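See structure below.
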Amino acid sequence: MTAAVTRKHRFSLTPYLFILPHLIFFAVFIGYPFFSGLYISFFQYDVLRPEATVFVGLQNYLDLFKAGSVKFIEFWNSMQVTLTFVIFSVPFLVVIPLVLAVLLNIKVPGRNFFRAVYFAPWVLSCAVISLIWWWIFQSQGGLLNYYLKMLGLETPRWLSTMPYAMISIIIATVWWTMGYNMIIFLAALQDIPTDLYEAAEMDGAGSWARFVHVTLPLLRPVLVFIVITTIIASFNLLGQPMMMTRGAPAQPTGGGATEPVMLRIFTEGFVRPFQGSAAAMSVVVATIMVIFSFANFRIFRQRD
Amino acid sequence: MKSFARIVLPVLIILSMVLSACTTPTAAPTQAAAPTAVKAAEATKAPVPTEVPAVVEPTQAPAGDTCGNVELQYWNPFTGPDGPFMGKMVEEFNASHPTIKVTMTSQGEYYTQLATAAAADTLPDVAIVHADQVPTQAFRNVLRPIDDLVVEMGITGADYPAGVWNAGEVAGHRYSIPLDIHPMTAFYNADLFKAAGFEAAPKTADEFNAVALAITAGDNKGFDITGGFPVQQIFQQMLHQFGGSEFNAEGTEATWNSEAGVKALQWMKDVQTKYSEPNLEVDAELNAFKTGSVGMVWNGIWQTTNVTGDGVEFDGRATAVPQIGPQMAVWAGSHQFTLPVHKTIDPCKDKAAAIFIKYMVENSVTWAKAGQIPASAAVRKSAEFLAIEPQASIAPSVEYAFFPPSVPGITDAYGPLGEAVGAVMNGTATDIKAALDDAAKRANEILAQNKTTYGSAPKAP
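These protein sequence lines are chains S and Y, in that order.
If you read the first sequence in this note's numbering, its first letter stands for residue 1, the second for the next number, and so on.
If you read the second sequence in this note's numbering, its first letter stands for residue 1, the second for the next number, and so on.
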C-alpha cells in the first residue's frame, strides 16, 4: 500500500514520452490552428494582404447576429441546413447500424460476407459515393427515376427540388457511413458475455426482452460514443452537397436550400477573402457543437 | 475490445485493399494533362541550337542571349479535355525555343491553389486567370502589373475586342493578356429541326419561338433550360440584349433589377414554361439534349465536343446564340495570361515569359481546336482558324461579348443574382421584380463590404 502511494507521487517521464508523438501532431495540427483561428476571428483578415489586416474586436461576431444582413441570412440559412441534416440523419445512422449489427451477430452462414458488404461503402471516398448517388438521382436517365417511371410512379426532381434534395443527401450519407457504426456495435455486442443471455433465457425472457434488458443496457457506453461521434460527423457535412447538389435549389431569400454551414465557411474564407469572418463562423459552430455534445453526455448520464 | 482486433481490423484491411482499386480511376482525369507536360519537358532535351527560333520567331531574339537557359513554371486550370491541347502547344513552344523550358501544371480548385501558393511564395512564373478574377487576384497580391512587358512585346488593345482587353486593366495598370473568349453557344439538334420543317438555326426571337414551338410535342422539348448553372449567365446575356447591365460603370451598385432585367427573366421563365421541362438540375439539359429529345440548349462553347459531332448519335450542331432583345449581346468568359507575384523578380524569367505568352497568343489557333475562340482578332481572321468549325461560325459573336467591371471581388456580387434567377426558374420565387430587387440589395451590401476590405488600389508591387 505504501509502496503504491510513493510510486504515485514519483514523477516518471515514460508515460509522457508515450504520448509525445501524438501530442506534437495534436499541438501542430489542432492546438495551434484552434487558437490561431480564435485570434484571427477578431480581425478583418486576409492572409494574402497583411497590409489590410485590421483589429475589429467582436465585429465579425456581431455581423453574424445582425438580422437582415447578408452574412446573417447566409450563415443562419446554412446553419439551419446543417441542423436539419443532423436531425434527420443521426437517428438512421444509429438505429440502422444497430439493427444490422444485431442481425449479423446471429450465427448464420455467410455472415462475414454480409458484414463486409455493409461495411464496404465506408472505405470509399466522399467524392466517389457522391458521384455514384448523383448518377442514381439525376433526372435525365438516372437509375432511380428510370425505375420509378417504369413502375408508373411519380418521378421527383431529386437534386433540384425540396425536400428531395435533402432526402437524397441523407440517403447517400446513411448508405456511406452506416457500416462504420455497425462494425463498432458488432464489436461491442461480442463483448457481452453469453452467460447473461443464458441466465435471462432461464428466467423466461424472450428475444425482445433479452435485447431490451441485456443488450441495450450493456451497449449504453458504446451507444453514447456512437451518438456523439455521429452528431459531430453530421455537423461536418460538406462533400456530399458540394458534389451532388452544389447547394441547390437556390432560395429567393438567399443561400442554397442544401448549402451546409461548412460550405458557407469555406466560401467565406477561401472563395471570398474574409478569413476573419470565416473564423468567427467556425468558432460559433464549434461552440454549438460543444453544447450539443455536452448535452448528450448529461442526458445519457442521468439514466445511470 | 479484443474483438476489435479480431474482426474490425481484418475487415478494414481487406476491404481497403480490395476497394482501393476502385477509387484510383477517379483521380486519373485530373492528371490527364501531366503526361503532356512531361513529354513537353523531354522535348527540350534535344535542343537545336539556333536555327529553329530564327525560323519560327524571326523578330524575337532568344532569351538565352544573356540569360542562358531559363525554366518557366506555367499553371492553368485546364483539367478537362482541353488540357492536352494546351500541353501540345507548350510542347511545340519548347521544341522551337531551346533556351526556354516551360513546365505546365493543370489543377482543379484553381484559385485556392493560387492563394496558398501566394502565401508560400511558390507561385508559378506564368498563370492563366479568368477575366473576372483578374482584379480580385491583383488586389490580393497574387498578380503584378505588366505594363512595361506588354509594350516590349508589342501587344496592344487594337488586336482585341474592347471588353475582353479592358478586363485585364486594374486601377490604371495592365495585369493580363487575353488568350481566348469562351462565349455562350446555342446547340441544336439538326435532325429534330429537319423533322419539324426547319433548316437553319434561329437568329431572332420570332424564329426561336417558331422552331421551339414546332419541336415541343409529346416527349420532345423545344428548348431545355435548368434552374442552376448556366441560368445566371443566360440572364446576364438577356439583360444586356434588353439594354440593361448588371452593375453601374463604377461597379459600386447592382442594376439588374431594371426594366430590362425584369424583361430578361420574364422571357426566360416564359420559354421554360412553354418549351422546357421544369426544375432541371445543373447539366440535366445537356444530358436530355444528348438523348436526342431536345431541340435546343444554351451552354458554354466548351460543351461543343460533348453534345455535337461524335459526342451524340444525331446531327448535333453548335452556332452563335440568337438575338432575342433589341440589341445583340453574348455572355462570355476569357482565359488570360498573367505574371504572378514573387518576392524577388528575375528579369530573365520575365523576358522568357514575354516570349512564351506572345508565342501562345499568336499560335492560339491550336487552342481553338480545344473548343475556344482566340481573343486575338489577327488569329480569328487567319485562314487556318476560319477552317475550324463550328468555332469559326461562332467567332463573330465574341465581338458582342461583355465583361464585368474591373472591381475586386465582383464575382461575389453575382452570388445573390444566381440565387434570384435560380429561385425564379425553380419556381420557389414567383415575383420576378421582387426577387431581383432583393438580390440587388444583398449584392450592394457585398459590394460595400468589398470596397472597405479591398480599398481603391492594389498594394504597389
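The C-beta atom is built at its ideal place from N, Cα and C for all residues, glycine as well.
Nothing here was measured: the structure is a model prediction, and the numbers come from that model.
Residue range of the unbroken beta strand (DSSP E) whose run includes Y:Leu72: It spans 70-76 - the beta strand (DSSP E) in which Y:Leu72 sits, taken as one unbroken run.
Presumed contact (8 Å Cβ cut-off) between Y:Gln272 and Y:Trp331, rounded CB distance: Your pair Y:Gln272 and Y:Trp331 does not check out as a contact, with CB atoms roughly 18 Å apart and the cut at 8 Å.
Three-pair Cβ contact test at 8 Å for the stretch 218-225 of chain Y versus the stretch 285-294 of chain Y: They touch, by the three-pair rule.
Contained alpha helix (DSSP H) runs [length at least 4] in the stretch 77-150 of chain Y, N- to C-terminal order: Qualifying alpha helix (DSSP H) stretches, in chain order: 83-96, 110-119, 134-139.
Partner residues on chain Y for S:Val70, Cβ-Cβ distance less than 7 Å: Neighbours of S:Val70 on chain Y, chain order: Arg442, Glu445, Ile446.
Range covered by the alpha helix (DSSP H) that runs through Y:Lys351: Here the alpha helix (DSSP H) through Y:Lys351 covers 347-362.
Option in S:Thr229, S:Gln275, S:Thr253, S:Val174 with minimal Cα separation from S:Phe292: Out of S:Thr229, S:Gln275, S:Thr253, S:Val174, S:Thr229 has the C-alpha closest to the C-alpha of S:Phe292.
Exposure of S:Ala278, with buried meaning 16 or more beta-carbon neighbours within 10 Å: Taking all protein chains shown into account, S:Ala278 has 16 or more neighbouring C-beta atoms within 10 Å of its C-beta and is therefore buried.
Spatially closest choice to Y:Asn209 from Y:Met268, Y:Ser376, Y:Glu389, by CA coordinates: Nearest in C-alpha terms to Y:Asn209, of all of Y:Met268, Y:Ser376, Y:Glu389, is Y:Met268.
C-alpha distance - Y:Lys433 paired with Y:Val262, whole-angstrom precision: In this structure, the straight-line span from the alpha carbon of Y:Lys433 to that of Y:Val262 is close to 6 Å.
Status (buried if at least 16 other CB within 10 Å, exposed otherwise) for Y:Trp165: Counting C-beta atoms within 10 angstroms of its own C-beta, Y:Trp165 has 16 or more neighbours from the protein chains shown and is therefore classed as buried.
Residues near Y:Leu192 by beta carbon distance below 6 Å, same chain, minus five either side: For Y:Leu192, the CB contacts under 6 Å within the same chain, skipping 5 residues up- and downstream, are Ile215, Gly295 in chain order.
Interface positions of the stretch 136-165 of chain S facing chain Y (Cβ-Cβ less than 7 Å), listed along the chain: Listed by position, the residues of the stretch 136-165 of chain S near chain Y (Cβ gap below 7 Å) are Gln138, Ser139, Gln140, Gly141, Arg157, Leu159, Ser160, Thr161.
S:His22 - containing alpha helix (DSSP H), residue span: Its alpha helix (DSSP H) spans residues 14-26.
Min CB distance S:Phe43 to chain Y below 8 Å: So, not an interface residue.
Chain S contact residues for Y:Ala254, given Cβ-Cβ distances below 9 Å: Near Y:Ala254 there are no residues of chain S at all, since even the closest Cβ is about 12 Å away, more than 9 Å.
Three-state secondary structure (DSSP) of Y:Asp180: Per DSSP, reduced to three states, the secondary structure at Y:Asp180 is strand.
Where the alpha helix (DSSP H) through S:His213 begins and ends: Counting along the chain, S:His213 falls outside any alpha helix (DSSP H), and DSSP gives it neither H nor E.
Enclosing alpha helix (DSSP H) for S:Phe137 [first to last residue]: Counting along the chain, the unbroken alpha helix (DSSP H) around S:Phe137 starts and ends at 126-137.
Backbone CA spacing between Y:Thr66 and Y:Tyr175 [nearest angstrom]: Spanning the alpha carbons of Y:Thr66 and Y:Tyr175 requires a straight line of approximately 26 Å.
Opposing strand residues paired with Y:Trp298 [DSSP bridges]: The partner list for Y:Trp298 (beta bridge, DSSP) reads Y:Ala186.
Enclosing beta strand (DSSP E) for Y:Ala320 [first to last residue]: Per DSSP, the continuous beta strand (DSSP E) segment holding Y:Ala320 begins and ends at 316-320.
Chain-ordered neighbours of Y:Gly418 on chain B, where CB pairs are closer than 8 Å: Note that chain B does not occur in the displayed structure, where the protein chains are S and Y.
Neighbour-count burial assignment, S:Val28, 16 or more Cβ in a 10 Å radius: By the beta-carbon neighbour count (other beta carbons within 10 angstroms, threshold 16), S:Val28 is exposed.
Proximal chain S residues relative to Y:Arg473, where beta-carbon distance stays under 9 Å: Outside the modelled stretch of chain Y, which goes from 1 to 461, sits residue 473 of chain Y, for which no answer is possible.
Enclosing beta strand (DSSP E) for Y:Lys221 [first to last residue]: Where Y:Lys221 is concerned, the enclosing beta strand (DSSP E) stretches over 221-223.
Segment contact flag, the stretch 62-82 of chain S with the stretch 281-297 of chain S, C-beta cutoff 8 Å, min 3 pairs: Inter-segment contact for the stretch 62-82 of chain S and the stretch 281-297 of chain S is present: three or more beta-carbon pairs are separated by less than 8 Å.
For S:Gln251, three-class secondary structure by DSSP: Annotated three-state conformation of S:Gln251 is coil, per DSSP.
Beta-carbon proximity list for Y:Phe139, same chain, < 6 Å, skipping 5 on both sides: Answer for Y:Phe139: Pro408, Tyr454, Pro458, listed in chain order.
Distance between Y:Gly333 and Y:Val134 (C-alpha atoms, nearest Å): Rounded to the nearest angstrom, the gap between the Cα atoms of Y:Val134 and Y:Gly333 is 12 Å.
Whole-number beta carbon distance between Y:Val150 and Y:Ile181, since they are thought to touch under 8 Å: That pair is no contact at about 18 Å.
Which residues DSSP lists as bridging Y:Val170, in chain order: Its beta-bridge partners are Y:His173.
Length of the line joining the Cα atoms of S:Leu124 and S:Trp176: Straight-line Cα distance between these residues: approximately 8 Å.
Range covered by the beta strand (DSSP E) that runs through Y:His342: Boundaries cannot be given for Y:His342, as no beta strand (DSSP E) includes it and DSSP labels it neither H nor E.
Contact under 8 Å by Cβ, Y:Pro404 with Y:Glu250: The answer is no: Cβ separation not under 8 Å.
Neighbouring residues, chain S, relative to Y:Ala127 (Cβ below 7 Å): For Y:Ala127, no chain S residue has a C-beta closer than 7 Å to its own C-beta; the minimum C-beta separation is roughly 15 Å.
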